[in-house]
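Below: the structure, in structure tokens.
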Amino acid sequence: MKLKFSLPALAAVTLVSLAAYSWFGDTDQDVGPVTEDRSTTGQSARIQPTSTPPETSAKPNLAMQLAVQYLERYGETIEHPATQARLFNERHELLEMHPDNGAELFTRAIQLAFPDLKVKILALMTDLERYQAWLEDNELRLQGLRVMERQAALWQQREAIFGDLANQIWADERNALEQKSEDFAHSLSRLNQADELQLQELAFQLQTTVDELYGNDLTAQMAGSGALGHTLFSMDSVQSQLKALPADERQEKINDLRRQLGYSDAVVEKLAEEDQARQEKWTKGKAYMAEREAISQRLSGQELESALQALRQEHFGVTAPTIAREEEEGFFRFERRRRYGVN
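Okay, so the sequence shown: first residue is 1 according to the UniProt record's numbering, each after it adds one.
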């Protein structure tokens with residue numbers, strides 16, 4: 001098959017081939033492994049052939065072949081850390097095929113193919129070895145984590161080892177996650193305004209969106225953590241329909257939606273009890289706000305403050321001081337928008 005090169009890559013391959021030929025191509029003499037001769041003037045290392053027994057003469061040729069392959073595959077974008085990281089698999093395969101001298105062959109090939117980047121590439125290989133060892137040591141622990149927790153652990157370790165390079169090495173993965181987040185936000189915005197859809201259909205489309213973007217495992221985890229239900233019941237399109245229902249029917253509908261999302265009967269029952277407790281607080285809070293408004297119309301000054309303190313104590317008991325502090329800061333919790341199934 002004809003190899004395809006850009007002009008820079010083709011030129012680089014040609015130079016490597018010519019250099020390798022001049023170093024190793026003389027078939028009339030035995031040529032051994034390469035050694036680095038570093039001058040004391042700080043100049044770049046010069047690769048010199050050394051005389052060794054005939055059975056080792058194929059090693060330089062293999063290093064040259066590898067260099068040409070690496071240039072062909074990675075030469076156009078080798079400046080990018082993500083491309084350099086792809087050489088890790090090449091090195092791993094080489095070590096499996098040549099356990100005795102694979103590391104030496106890889107170093108020679110990198111020196112031939114990318115002399116200016118040799119130090120960076122080899123340092124990156126060392127860091128990738130550390131990361132791979134960490135993955136192997138923590139395999140069982142990582143498997144036991146939820147999807148989002150596992151991703152967080154992976155990125156934490158990547159940034160600890162590679163620093164800012166982590167975002168460049170795993171740029172495709174990061175971009176894919178960001179694209180999924182963008183797609184999810186777009187779908188959520190559409191569903192939030194889909195007043196024409198029935199509640200069951202809204203829940204179905206939300207579930208389907210999460211499944212398609214993140215997989216069934218994450219959907220189940222979101223349901224188990226309550227995140228999926230919180231997302232559904234935060235939608236304006238859902239709240240507008242729930243608000244129009246009588247209280248008993250509304251709670252039944254909320255229970256049905258939770259079951260549809262995968263909540264167990266025990267969890268549905270527990271959440272229904274929490275809904276009832278929240279409803280009682282809202283009922284009490286609305287009554288308090290109505291009385292507070294009436295008192296504020298009649299009284300002022302210290303007389304008003306004393307009356308409000310007594311009113312808060314009557315309605316909220318031990319939480320009255322908390323309500324008072326919130327009001328001093330301008331926050332009135334019962335003027336917030338009510339979202340059934342959430343607050």
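The beta-carbon is built from N, C-alpha and C at its ideal position, and this holds for glycine as well.
Since this is a predicted model, take the numbers as computed values, not measurements.
Can you tell me whether Phe331 is buried or exposed? The criterion is at least 16 other CB atoms within 10 Å of its CB, across all chains shown. exposed
Count Cβ pairs between the segment 137-148 and the segment 101-118 that sit closer than 8 Å; are there 3 or more? no
Going straight from the alpha carbon of Ala320 to that of Glu335, what length do you get? 17 Å
For the alpha helix (DSSP H) holding Trp282, just list the boundary residues, first then last. In this chain, the alpha helix (DSSP H) harbouring Trp282 covers 265-298.
Output needed for Asn255: all residues of its chain with C-beta closer than 7 Å, excluding positions within five of it in sequence on either side, in chain order. The beta carbon of Asn255 lies closer than 7 Å to those of Val268, Ala272 in the same chain, with the five residues before and after it left out.
Looking only at its own chain, which residues have a Cβ that is under 6 Å from the Cβ of Leu242, when we skip the five neighbours before and after it? Arg250, Tyr340
In its own chain, which residues sit with a C-beta less than 7 Å from the C-beta of Gly42, not counting the 5 before and 5 after it? Only weak support is given to the placement of Gly42: the predicted model assigns it a pLDDT of 34, under 50, and the question is left unresolved by the model.
Tell me where the alpha helix (DSSP H) around Asn343 begins and ends. Premise fails: Asn343 is in no alpha helix (DSSP H) and is neither H nor E.
Determine the direct distance from the alpha carbon of Met97 to that of Gln168, and round the result to whole angstroms. 29 Å
Proximity to Leu204 [Cα-Cα], best of Gly262, Arg174, Ala133, Ala160: Before going further, note that residue 204 is Phe rather than Leu in the sequence given. For the residues Gly262, Arg174, Ala133, Ala160, the minimum Cα distance to Phe204 belongs to Gly262.
Mapping DSSP to helix, strand and coil, what is Asn89? helix
What's the C-alpha gap between Thr83 and Gly215? 28 Å
Compare the C-alpha of residue 408 against each of Arg278, Ala244, Ser237, Ile161 and name the closest. Because residue 408 is not part of the residues shown, which for the chain are 1 to 343, the question remains open.
So Leu232 packs on Leu257, CB below 8 Å; how close in whole Å? Indeed, because the Cβ distance is near 7 Å, the residues count as touching under 8 Å.
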